[in-house]
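> Quick note on numbering: the sequence shown equals residues 1 to 223 in this note's numbering. Quick reminder that beta carbons are idealized off the backbone N, C-alpha and C, glycines included.
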Amino acid sequence: MKAVEIKDLTFAYGQEDVLKDCQLQVETGEMTLILGGNGSGKSTLLKLMLGELKAQKGEIHLLGKKIQDYRSFKEIGYVPQINIVNKIAFPITCLELVALNLYEDFGPIKIPRKSHYAKAEQLLEEMGMADYKKYPVNELSGGLQQRAMICRAMINQPKLLILDEPTAGVDKVNKEKFFRTIAHLNQDLGITVIMVTHELKEVESCLEISHRYSIEEGRLVQC
Ligand SMILES: Nc1ncnc2c1ncn2[C@@H]1O[C@H](COP(=O)(O)OP(=O)(O)OP(=O)(O)O)[C@@H](O)[C@H]1O
């Protein structure tokens with residue numbers, strides 16, 4: 001099954017098209033990179049895939065369903081750009097960050113229960129983050145914050161991971177550790193990954209890439 005299929009997608013915020021007649025096919029288990037200069041439309045493309053924006057023209061299919069009929073967004077793990085994480089102003093711990101993403105299972109009282117924390121704790125352990133579970137996320141280094149965000153995305157056992165420049169501002173050693181985590185999720189667990197990145201060199205040395213696309217003047221071109 002195709003994880004993502006995009007046909008003839010055109011999108012504009014105002015008058016001018018940011019994306020024009022874009023086509024994209026991602027098979028289950030693939031690792032796809034989206035490249036392109038600043039302001040070329042990479043984040044916009046991801047937001048369209050996540051259902052946050054609606055295209056003026058074209059079709060998006062997620063895991064075999066038209067996006068308009070798709071209801072299981074928890075099958076899609078999203079890791080935003082790091083500056084969004086920095087905007088968490090209150091001192092939420094790693095454990096809380098991860099457990100809170102189970103919100104769909106909370107029931108009538110909208111707070112995590114013991115079982116949710118236990119599940120989050122187990123995942124943090126599996127992902128090598130047990131030492132940081134009690135740390136406020138906004139006090140961690142960039143690399144650790146992004147690993148915490150990956151755990152947050154992973155708690156719902158997603159089939160597809162969408163990452164938007166996940167290592168911008170992260171130091172070299174932590175970047176490599178981060179990409180090795182992604183390699184494990186993709187190669188060992190078979191999770192489909194779509195990643196926007198500027199760090200082609202580091203990514204290519206750690207990951208097996210299926211396809212690279214670049215956004216050039218609104219068009220999505222394979223490169
Ligand atoms: N909410 C918005 N309203 C109007 N224009 C927007 C909005 N968000 C983005 N844009 C514009 O759309 C274009 C594409 O933006 P986008 O953020 O998708 O680019 P990007 O490739 O992700 O850039 P970067 O690499 O800098 O993150 C840019 O010209 C940007 O200024």
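Going by DSSP, what residue range makes up the alpha helix (DSSP H) through Phe179?
Per DSSP, Phe179 belongs to the alpha helix (DSSP H) from 172-183.
> Closer than 6 Å by C-beta to Asn174: which residues in its own chain qualify, once you throw out the five before and the five after it? Chain order, please.
Correct list, in chain order: Gly143.
> By the 10 Å Cβ neighbour count, where 16 or more other Cβ atoms means buried, how is Pro108 classified, buried or exposed?
Under this definition Pro108 is an exposed residue.
> Only counting the same chain, and skipping five residues up and downstream in sequence, which positions put a Cβ closer than 7 Å to that of Ser210?
Around Ser210: Glu30, Met31, Thr32.
> Between the Cα of Ser214 and those of Gly39, Thr167, Val98, Ser205, spot the shortest distance and give me the residue it belongs to.
Of the listed residues, the one whose Cα sits closest to Ser214 is Gly39.
> Determine the direct distance from the alpha carbon of His116 to that of Gly196, and round the result to whole angstroms.
In the sequence as presented, Gly is not what sits at residue 196; that position holds Val. Answer to the nearest angstrom: the Cα atoms are 30 Å apart.
> Could you check if Val98 belongs to the surroundings of ligand 1, using beta carbon to heavy atom distance under 7 Å?
Not so, every heavy atom of ligand 1 lies at least 7 Å from the Cβ.
> Report the residue from Leu160, Arg147, Thr10, Ser141 whose alpha carbon sits nearest the alpha carbon of Asp171.
Selected option, being the one with the closest Cα: Ser141.
> In its own chain, which residues sit with a C-beta less than 7 Å from the C-beta of Tyr135, not counting the 5 before and 5 after it?
So the list reads Thr93, Cys94, once near-sequence residues are dropped.
> Taking the DSSP output, what are the residues bridged to Thr44?
For Thr44, which the question treats as bridged, DSSP gives no partner whatsoever.
> If you drop the 5 nearest sequence neighbours on each side, which residues of the same chain put their C-beta closer than 8 Å to that of Ala153?
The residues are Gly77, Tyr78, Val79, Asn101, Leu161.
> My output table needs one value for Ile6: the three-state DSSP class, helix, strand or coil.
In the structure shown, Ile6 sits in a strand (DSSP, three-state: E or B).
> Is any heavy atom in ligand 1 found nearer than 7 Å to the beta carbon of Thr44?
Yes, ligand 1 has a heavy atom inside 7 Å of this Cβ.
> Looking only at C-alpha atoms, which of Leu24, Gln81, Leu53 sits nearest to Lys13?
Checking the sequence shown, residue 13 turns out to be Tyr, not Lys. Closest by alpha carbon: Leu53.
> Consult DSSP for Cys229 and reduce its assignment to one of helix, strand or coil.
Nothing can be reported for residue 229: it is not among the residues displayed for the chain, which extend from 1 to 223.
> Pull up the DSSP beta-bridge partners for Arg219, would you.
Paired residues: Glu216.
> Tell me whether Tyr213, by its Cβ, gets closer than 7 Å to a heavy atom of ligand 1.
The answer is no for Tyr213.
> Report the rounded CA-to-CA distance for Phe178 versus Gln146, giving the unit in angstroms.
Spanning the two alpha carbons is a distance of roughly 8 Å.
> In chain order, what are the residue ranges of uninterrupted alpha helix (DSSP H) at least 4 long that sit wholly in the stretch 73-153?
List check, alpha helix (DSSP H) in window: 82-86, 94-100, 114-126.
> At a threshold of 7 Å, does Gly41 count as lining ligand 1 (C-beta to nearest heavy atom)?
It does: the Cβ of Gly41 is within 7 Å (strictly closer) of some heavy atom of ligand 1.
> Let me confirm a value: Ala55 is counted as buried when at least 16 other C-beta atoms fall within 10 Å, else exposed. Which label applies?
Buried is the call here.
> Can you name the start and end residues of the beta strand (DSSP E) that Leu62 belongs to?
From DSSP, the beta strand (DSSP E) with Leu62 extends over 57-62.
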